[in-house]
Structures are given as C-alpha cells and as structure tokens.
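Going by UniProt numbering, the first residue of the sequence shown is number 1, and it counts up by one from there. Glycine included, C-beta positions come from ideal geometry on N, C-alpha and C. Model, not experiment: these values are computed from the prediction.
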Amino acid sequence: MIDLTVVIVSFNSADSILSCLKSVVTSKHFNVIIVDNCSSDNSQEKLQSTFPSTTVVQLSKNEGYGRAANAGFSKAASRFCLLLNPDINVSEKDIIEFYRLATSKNNEKNAIFAPAITEKQKNLRGINSVNFVLGAAMLIDFNKYEKRKIFDENIFLFYEEKDLCLRTVHENKQILRLNDIYFPHIKGTSSGTSPAISYFKQWHVGWSSMYFLKKHQLNNGRHSALALYVRYSVKRFLSFSKNKRMKYKARLGGVSAFLRGQAAFDKKGNPRMQHILKR
1 MIDLTVVIVS FNSADSILSC LKSVVTSKHF NVIIVDNCSS DNSQEKLQST FPSTTVVQLS
61 KNEGYGRAAN AGFSKAASRF CLLLNPDINV SEKDIIEFYR LATSKNNEKN AIFAPAITEK
121 QKNLRGINSV NFVLGAAMLI DFNKYEKRKI FDENIFLFYE EKDLCLRTVH ENKQILRLND
181 IYFPHIKGTS SGTSPAISYF KQWHVGWSSM YFLKKHQLNN GRHSALALYV RYSVKRFLSF
241 SKNKRMKYKA RLGGVSAFLR GQAAFDKKGN PRMQHILKR
C-alpha cells in the first residue's frame with residue numbers, strides 16, 4: 001500500500017460516490033475514509049452496505065465541510081491525505097499516478113498538491129506554483145502542519161480552502177498544481193439543490209466571506225463590510241432574476257449576522273439558518 005488516505009466528505013452524496021468514485025473506495029492500494037455529514041437521506045446506510053470494509057464516520061449533526069474533513073483527517077494514519085469531493089470523477093489508477101507524481105516533487109516546502117480539475121487547467125500542462133486550489137481535490141502532506149485540524153472549524157461552509165491556502169503561503173510553504181493529472185469535477189451534484197438549500201448556502205457565503213476577510217485583515221477598501229453590504233444591496237435591488245435577488249438577500253443576511261457578532265454555528269453546534277431546510 002502507498003502512504004495515502006483518501007477522505008471523502010458526504011452529505012446526501014451516496015449516489016455521486018457510487019457513480020464517480022466506486023473504484024477509489026474499493027481500492028486495496030490506499031485507505032479510504034468516508035465522513036457522512038449527518039445526511040438526511042439514506043446515504044449512510046447505502047454506503048455502509050455497498051462498502052462494508054470501508055471506514056464510514058457518521059457525524060451526529062451537519063458539521064460543515066471543514067469540520068467533517070478534519071474528522072476524517074484525525075482517523076488517517078498516513079503521511080499524505082487526499083481530500084476529494086464526491087463529484088470528482090476519478091479512478092484508483094488516476095489517484096496512484098497523482099500520488100506518485102506529487103511525492104516525486106516533494107521537498108521541505110511543498111505542502112499541498114492539486115490536480116487540474118477544469119479543461120482550462122488541464123491545457124496549461126506542467127506544474128504551477130499557485131496561491132490557491134479548490135478543496136474538491138487536494139493532497140495534503142501532514143508533515144508540513146503541526147496539527148491534523150487542517151481547516152478552521154469556525155467556518156461552516158465556503159472559504160475553508162481559501163483560508164488554508166492563504167495560511168500555507170504565509171508560512172512560506174508551497175502549493176503545486178499538477179496540470180498533467182486531470183480529475184474532472186462534475187460541479188453541483190454532490191449535495192443536491194433547492195431554493196432552501198441555495199439560500200442556506202448563500203447565507204454562509206456572506207458570513208464566511210466576512211470572517212475570512214477580517215481574520216486575514218483584508219476587510220478594507222472594496223472588501224470592507226460596508227462595501228460588501230452596499231454591493232449586495234445594489235445587486236439585489238437591480239436584479240431582474242428572482243433567484244439572484246434571493247442570492248443577494250441571503251448573502252446580506254450572512255454579512256449582517258457576522259457584523260452582529262453571530263458565529264456560523266449556534267450554541268448547540270448547529271449551523272445558522274439550518275431551520276430553513278426543514279420547511
């Protein structure tokens with residue numbers, strides 16, 4: 001076996017995992033951990049019955065992407081961990097090739113590796129040192145971090161990987177994108193969508209953006225709270241699309257909540273605005 005654990009965070013994502021990642025989950029060449037983020041369908045049961053020998057970590061509540069990923073990382077015994085979205089269309093062979101290329105380029109500075117996940121990135125070819133990669137497919141060298149709580153657990157959703165990447169760069173570590181390795185990302189199929197889910201997500205976009213900007217002292221000028229509030233208000237007012245008006249209304253709600261001092265989670269550890277998903 002190679003020194004690798006694949007961590008997949010699932011929320012109502014069993015069908016995506018079965019469609020995109022079946023050969024990965026059944027691999028004998030590396031360990032796989034699926035973290036079920038308190039799915040509201042039968043994803044957990046479906047995953048456990050389909051993959052009885054795979055570790056499925058069941059969370060008692062929806063902890064968000066970063067906390068769920070950290071829960072998976074804490075169970076991994078390997079040096080390297082590949083975080084995958086359920087809607088990354090990739091095979092066992094692809095992952096082994098990616099791992100071998102990444103580890104062949106490893107040095108004291110390289111902390112995160114990512115494949116190309118879009119056609120545009122794929123066409124660049126070669127290896128790029130970058131400041132940011134998406135968490136949809138991210139290979140992390142745990143030896144470059146003091147703790148296995150890689151993501152900031154104050155964030156429920158969005159900006160987790162931006163925060164991680166910025167911290168990594170500020171610590172004088174490198175992020176490499178290996179464009180010759182291509183993992184197609186089938187966006188938007190891993191957790192489903194509805195008006196309520198969209199509103200919930202956009203609320204957290206607003207909250208998380210403010211948290212990220214303040215944490216890294218970037219909340220000034222066009223990125224200040226006032227500037228974001230005005231921008232979202234104007235876009236909401238001028239949009240002819242009902243969906244866009246809802247989007248900016250939700251983001252305004254998240255920004256306002258942050259400015260009032262609300263955390264992304266309530267005192268019971270549930271994500272803010274979760275109640276709208278039950279309507």
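Range covered by the alpha helix (DSSP H) that runs through residue i
i	result
Ser43	43-50
Arg245	242-259
Phe237	225-238
His170	160-170
Glu119	119-122
Where residue i falls: helix, strand or coil (DSSP)
i	result
Gln217	coil
Asn143	helix
Val130	strand
Phe212	helix
Phe151	coil
Ala136	coil
Burial state of residue i, where buried means 16 or more other Cβ atoms lie within 10 Å
i	result
Leu4	buried
Asn62	buried
Ala77	exposed
Ile276	exposed
Val6	buried
Gly64	buried
His185	buried
Glu146	exposed
Arg222	exposed
Asp266	exposed
Pro86	buried
Phe240	exposed
Ala264	buried
Met172	Sequence inspection shows Asn at residue 172; the Met mentioned does not correspond to that position. Exposed, by the Cβ-count rule.
Lys162	buried
Ser209	buried
Met1	exposed
His71	The sequence shown places Ala at residue 71, not His. By the neighbour-count rule (16 or more Cβ atoms within 10 Å), Ala71 is buried.
Terminal residues of the beta strand (DSSP E) in which residue i lies
i	result
Gln262	Neither: Gln262 is in no beta strand (DSSP E) and is coded neither H nor E.
Leu176	174-182
Ala114	110-116
Counting only runs that start and end within the UniProt domain "Glycosyltransferase 2-like" (5-105), where is the beta strand (DSSP E) found for 3 or more residues in a row? The UniProt domain "Glycosyltransferase 2-like" (5-105) contains these whole beta strand (DSSP E) runs: 31-36, 55-58, 80-84.
Is there contact between the region 235-253 and the region 128-139, where contact requires at least three CB pairs shorter than 8 angstroms? No, they do not touch.
Using a Cβ distance threshold of 8 angstroms, determine whether the region 107-119 contacts the region 196-210, with at least three qualifying pairs required. Contact between the region 107-119 and the region 196-210 is absent, because fewer than three Cβ pairs lie under 8 angstroms.
Can you find at least 3 beta carbon pairs, one from the region 86-104 and one from the region 50-61, that sit closer than 8 angstroms? no
Touching by the beta-carbon criterion (3+ pairs, under 8 angstroms), the region 46-54 and the region 20-33: yes
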